[in-house]
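Structure record follows, encoded as structure tokens.
In the numbering used here, the protein residues as written are 15 to 165.
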């Protein structure tokens with residue numbers, strides 16, 4: 015599916031200008047549908063929506079930049095045929111975000127119909143976290159150190 019931005023959806027910042035603002039580690043996830051994915055990141059994980067349109071979303075939380083690109087934005091890339099495959103994405107990578115109260119994230123995920131892969135628990139590695147899945151199958155472990163809270 016190819017979707018073009020309307021004039022109202024065009025961002026006042028060019029792609030090049032935005033790209034030059036990124037520092038350190040940032041994530042770029044390819045998703046099937048920006049509008050379907052966005053609520054998971056903004057409402058469940060608490061990312062700030064800097065900009066989104068049918069092709070792209072720029073998100074930020076605690077200094078971490080997360081970019082979502084719709085599959086059709088990568089149609090000319092050599093791996094584009096793999097994007098048409100059905101099934102979950104991101105297997106083998108777990109994205110961890112420290113500083114989100116896991117019980118709150120779990121509740122928000124359940125209320126919005128998102129997948130909770132593992133409910134909140136204390137783990138031997140010293141975290142109390144919940145493991146969530148976004149609409150495309152990317153896995154997120156979010157939480158706080160055992161004995162701590164961000165409330």
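Every residue, glycine too, gets a C-beta built ideally from N, C-alpha and C. Everything numeric in this text was worked out from a predicted model, so none of it was measured.
Please state whether DSSP places residue 133 in a helix, a strand or coil.
strand
From the DSSP output, in three-state form, read off residue 157 for me.
strand
List, from N- to C-terminal side, the beta strand (DSSP E) runs of 3 residues or more that fit wholly inside the region 64 to 149.
The qualifying runs are 70 to 75, 78 to 84, 108 to 112, 129 to 136, 141 to 147.
Looking at the strands, I want to know which residues DSSP matches up with residue 45.
84
What distance in whole Å lies between the Cβ atoms of residue 161 and residue 144, which are believed to be in contact at a cut-off of 8 angstroms?
The pair is not a contact, with the Cβ atoms about 17 angstroms apart (cut-off 8 angstroms).
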